[in-house]
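Each remark here refers to the structure printed beneath this line.
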Amino acid sequence: MKRGWVFQHDNDPKHTARATKEGLRKKHFKVLEWPSQSPDLNPIENLWREMKVHVAQQQPQNITALEEICMGEWAKIPATVCENLVKTYRKYLPTKGI
1 MKRGWVFQHD NDPKHTARAT KEGLRKKHFK VLEWPSQSPD LNPIENLWRE
51 MKVHVAQQQP QNITALEEIC MGEWAKIPAT VCENLVKTYR KYLPTKGI
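In structure tokens, the structure reads:
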């Protein structure tokens, strides 16, 4: 990663596994720990929740169908939705002290 960048991930078990931590340490990544399941601090969580609902409704029967459905659902998300999530995130920064 470029100098001055910080890698951010939540405390999901796969992110806190010894192998993950060791890999990040070996690559000299500066890591910002993050609470898991915190959509107010990680706006993409809101999109993932919506994606999961829409994908599940279509009941993909195999990995190829799952990928196609995910790509199709992602393409339906208007850019304004992402822009609004960024604005929301900026609103939380001062109140959460990050």
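Numbering (full-length UniProt numbering), first residue to last: 1 to 98. Built from N, CA and C at the ideal position, the CB exists for glycine as well. Model, not experiment: these values are computed from the prediction.
Exercise for review: Output the boundary residues of the beta strand (DSSP E) element that contains Q8.
Suggested key: Start at 1 with the first residue of the sequence shown, and residue 8 comes out as number 8. It spans 7-10 - the beta strand (DSSP E) in which Q8 sits, taken as one unbroken run.
Review point. If you follow the alpha helix (DSSP H) that L47 is part of, which residue opens it and which one closes it?
Key: In the sequence shown, residue 47 corresponds to position 47, counting from 1. Segment 44-58, the alpha helix (DSSP H) holding L47.
Point to revise | Which listed residue (I77, H28, Q57, L32) has its alpha carbon closest to that of T16 | key: Residue numbering aside, residue 16 sits at position 16 when the sequence shown is read from its first letter. Of I77, H28, Q57, L32, the residue nearest in Cα terms is L32.
**Study point:** Reduced DSSP category for G4 - H, G, I as helix; E, B as strand; rest coil
**Key:** Residue mapping note: residue 4 aligns to position 4 of the sequence shown, counting from 1. Here DSSP, grouped into helix, strand and coil, assigns G4 to coil.
Review point. By Cβ distance below 7 Å, which residues in the same chain neighbour H9 in space, the five residues on each side in sequence not counted?
Key: Mapped onto the sequence shown, residue 9 falls at position 9. So the list reads H15, W34, once near-sequence residues are dropped.
**Study point:** Delimiting residues of the beta strand (DSSP E) encompassing L32
**Key:** What you label residue 32 is simply residue 32 of the sequence shown in a count that begins at 1. Start and end: 31-34.
Review point. Would you report the Cα separation of G4 and K30, rounded to the nearest angstrom?
Key: By 1-based counting over the sequence shown, the position of residue 4 is 4. By 1-based counting over the sequence shown, the position of residue 30 is 30. Spanning the alpha carbons of G4 and K30 requires a straight line of approximately 9 Å.
Exercise for review: Output the distance between the C-alpha atoms of N42 and C82, rounded to the nearest integer angstrom.
Suggested key: Looking up residue 42 in the sequence shown gives position 42. Looking up residue 82 in the sequence shown gives position 82. Each residue's Cα considered, the two are about 12 Å apart.
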